[in-house]
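Novice: Here our numbering = 1-based position in the sequence shown + 513.
We treat Cβ as the ideally placed atom computed from N, Cα and C, and that holds for glycine.
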Amino acid sequence: MSQWLVLAIAMVAACGVVLAITVLKQRRISEDDDPSETPDVIEYMTMMVGVVYAIVLGLAIAGVWEARGAAEDTVRTEAQALHEVSARARAYTPPVRDRIRTDVDRYVTYVVQKEWPVMADRGEITAHGTELLAKVRADVTDHRPRDHFEEQSYQPLVDQVAVADGARNARADAAGSTLPAVVWFGLITGAAVTVGLIFTLQIRRSGKELLMAGLFSALIAFLLFLVWDLDAPFGRGLAAGVDSFTALFPHAS
């Protein structure tokens, strides 16, 4: 059984139970019952729905914002690790050092100029970028240290390449959408219900009431747009950029 079917059954069952209890209770009301003595249920329901939706929306915004920050940290880690590889390669002989630095520069340039637009549009990294990083790894791991000084530099270089590879994989995981479809269903449905409850209240045509209703609806729309924009850490207006790469490798831009 799919999760959507389970969700639909749960929602229908909850509505059915509430409606059944309400109908049964309505039949047992005596003739001398005065409804004016009970509080207005609509106002309380509107307030509770608004509070619950505000909590859910706030958690969604916090989640996508945290995911964006993690994506920026991932890019920074990858760029710094590659910079360390390029800098520590000075311990090797000029041919080996130049080969490592050339392949690192080639990889960074490709990421900045080619892979980043693809990642922003499709939410995935490219196979060619993976091949270029594998070439950097081969340059480092296949070299046999000639002396004690190169032996001391070998393992740190291997570790930094591993850090860059791990950061690249984390960047691939963060390239797509952060929130699952069921969360978006809840956010959009909750927004429709919350805004729709405005019409159950006795709003008249006074300027203040119309202004507040309009501002409230606009606020909900803005917050949903903010969640949508932050939901793709690399693909939309507030996306994480390539600044970490270009700061350490200015020639890549």
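1. Taking Cβ positions, are Ser599 and Val625 nearer each other than 8 angstroms?
2. What does the alpha-carbon distance come out to for the pair Ala726 and Ile568?
3. Which residues in the same chain have their Cβ closer than 8 angstroms to the Cβ of Pro658, if we skip the five residues on either side of it in sequence?
4. Go ahead and label Asp652 buried or exposed: buried means 16 or more other beta carbons lie within 10 angstroms of its beta carbon, across all protein chains shown.
5. Once you ignore the five residues that flank Phe762 on each side, which residues in its own chain have a CB closer than 6 angstroms to its CB?
6. Are three or more beta carbon pairs between the segment 630 to 649 and the segment 556 to 576 nearer than 8 angstroms?
7. With DSSP run on the structure shown, which of helix, strand or coil describes Met524?
8. If I measure Cβ to Cβ from Ser766 and keep anything under 7 angstroms in the same chain, skipping five residues before and after, which residues do I get?
9. What does a CB cutoff of less than 7 angstroms around Ala694 pick up in its chain, not counting 5 residues either side in sequence?
10. Jot down the residue ranges of each uninterrupted alpha helix (DSSP H) in the segment 703 to 755, minimum 4 residues, whole runs only, in chain order.
11. State buried or exposed for Thr551, treating a residue as buried only when at least 16 other CB atoms are found within 10 Å of its CB.
12. List the endpoints of the continuous alpha helix (DSSP H) containing Ala685.
13. Quick check: what's the CA-CA separation for Arg601 versus Phe735?
14. With distances taken from CA atoms, which of Asp742, Lys648 and Ala594 is nearest Arg459?
15. Applying the criterion that 16 or more other CB atoms from any shown protein chain within 10 Å of the CB defines a buried residue, is Val774 buried or exposed?
16. Short of 8 angstroms in beta carbon distance, which residues of its chain neighbour Pro608, apart from the five on each side in sequence? Order them along the chain.
17. Within the continuous alpha helix (DSSP H) that includes Asp634, where are the two ends?
18. Kindly confirm or deny that the segment 670 to 680 and the segment 556 to 565 touch, where touching means at least three C-beta pairs closer than 8 angstroms.
19. Using a 10 Å radius around the Cβ and a threshold of 16 neighbouring Cβ atoms, would you call Ile522 buried or exposed?
20. Does Thr551 come out as helix, strand or coil in the three-state DSSP assignment?
21. Relative to the C-alpha of Ala675, which candidate in Leu710, Ala533 and Glu591 has its C-alpha closest?
Specialist: A quick look at the data gives this:
1. no
2. 20 angstroms
3. Glu664, Ser666 and Tyr667
4. buried
5. Val621
6. no
7. helix
8. Val625 and Thr759
9. none
10. 720 to 743
11. Reliability fails at Thr551, whose pLDDT of 49 lies under 50, so the model's placement of it is uncertain and no value is given.
12. His661 to Ala687
13. 48 angstroms
14. Nothing can be reported for residue 459: it is not among the residues displayed for the chain, which extend from 514 to 766.
15. No answer is possible for residue 774: it lies beyond the span of the chain, which begins at 514 and ends at 766.
16. none
17. Trp629 to Arg635
18. no
19. exposed
20. Note that Thr551 has pLDDT 49, beneath the 50 cutoff, so the model's placement of it is unreliable and the number below is only indicative. In this structure, Thr551 counts as coil in the three-state DSSP scheme.
21. Glu591
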